[in-house]
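Numbering (our numbering), first residue to last: 3 to 278.
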C-alpha cells in the first residue's frame, strides 16, 4: 500500500510540474518544496535498484533503508529524508523535455537525443526544506546513482528549466563538495545576445530562498558574464547570503558592483540587477 500511495503522490507532483511548465515563468521563493526531477531512460527496463543502493552505501557512505523498494517503485530512507522513486515505462508527455532542451546549451543535439527516451524515473526528496544545500547535494548523489545503474540519457528538472546530459551531470557530481557546489546541475544560467550587448540571468535561485539575478545589456563577453553570475550565485548559496538593493558585491576586495531591484527583464516578478 505504501508503494501505491507513493506512486499516486508522485503522479500528482508530476502533473503539477507539467502544468507549471505550460505557464509563464514565475519567480517566487517556496519553502518545504520537494526536490523533483526525472531521469530519462533509453531502456525503461534497465534500472537496477540493488546496484543503486549499493553505490549510495559504498561510494557515498550513506545509511540507506530500502525495505520498501523494488525496481518499479521505492521509498528509501536516508537519514531524515524520504526518497521516492518510480519507474515509469513511458516518455514524459507533451514533448516537455524536448521543448526545454532547446534552451540548454550544454547538451549539444539535446533536443534530438533527449527525444529518444523510452521511459523515465521520477525521483524526489519528498520532505526537503531543512537544509537546502545538503539536500541538493544528496539529490545529486541519488540521481547519479540512478543514472549509473540504468541505461539513461540524462536528467530533466523542469522546475529549473534544466535538461542535462548524463555525462555532464555525472562529471559535475564527481567534482562537487561542500565548498565546490555543482551549480550547473542546480541552476539554469540564461545567456542572451541582443543589439550588440550581452545579458545573463539565473533560474533556480528561488529554490534556495534567494532572489533571481540578472546582468543586463553588458559590454562584457558571454563567457565573462557566465563566469561572473556563476561566482555570484555560488557565493549567495554557499554562504547563505541575502543580497539587498543599494548594496554592492564583487568577487574581489576591490570590485564593487552595484545592486538594484526591479521588474525582471527575462523573468516575471522582481529580480536583483547586478551592474557589470
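Cβ coordinates follow ideal geometry from the N, Cα and C atoms, glycine included.
Asked: C-beta atoms of residue 42 and residue 87 nearer than 8 angstroms; Found: no
Asked: Which residues DSSP lists as bridging residue 191, in chain order; Found: 204
Asked: Of the residues 179, 182 and 235, the one placed nearest residue 202, counting alpha carbons only; Found: 235
Asked: DSSP three-state assignment for residue 245, whether helix, strand or coil; Found: coil
Asked: Sufficient close CB pairs (3 or more, under 8 angstroms) joining the segment 57-69 to the segment 88-102; Found: no
Asked: Endpoints, alpha helix (DSSP H) assigned at residue 233; Found: 224-240
Asked: Euclidean distance between Cα positions of residue 147 and residue 172; Found: 9 angstroms
Asked: Among 84, 160, 78 and 93, the one whose alpha carbon lies nearest that of residue 132; Found: 84
Asked: Residue 104 burial status per 10 Å Cβ neighbour count (16 or more: buried); Found: exposed
Asked: Cutoff 7 angstroms; reference residue 277; Cβ partners in own chain excluding five residues on either side; Found: 259 and 260
Asked: Extent of the continuous beta strand (DSSP E) run through residue 273; Found: 272-276
Asked: Beta-carbon spacing of residue 205, residue 245 below 8 angstroms; Found: no
Asked: Any beta strand (DSSP E) of 3 or more consecutive residues that is wholly inside the segment 105-188; Found: 121-127, 154-159 and 164-167
Asked: Identity of the residue in 79, 137 and 168 nearest residue 108 by Cα; Found: 168
Asked: Among 221, 214 and 247, nearest to residue 232 - alpha-carbon criterion; Found: 214
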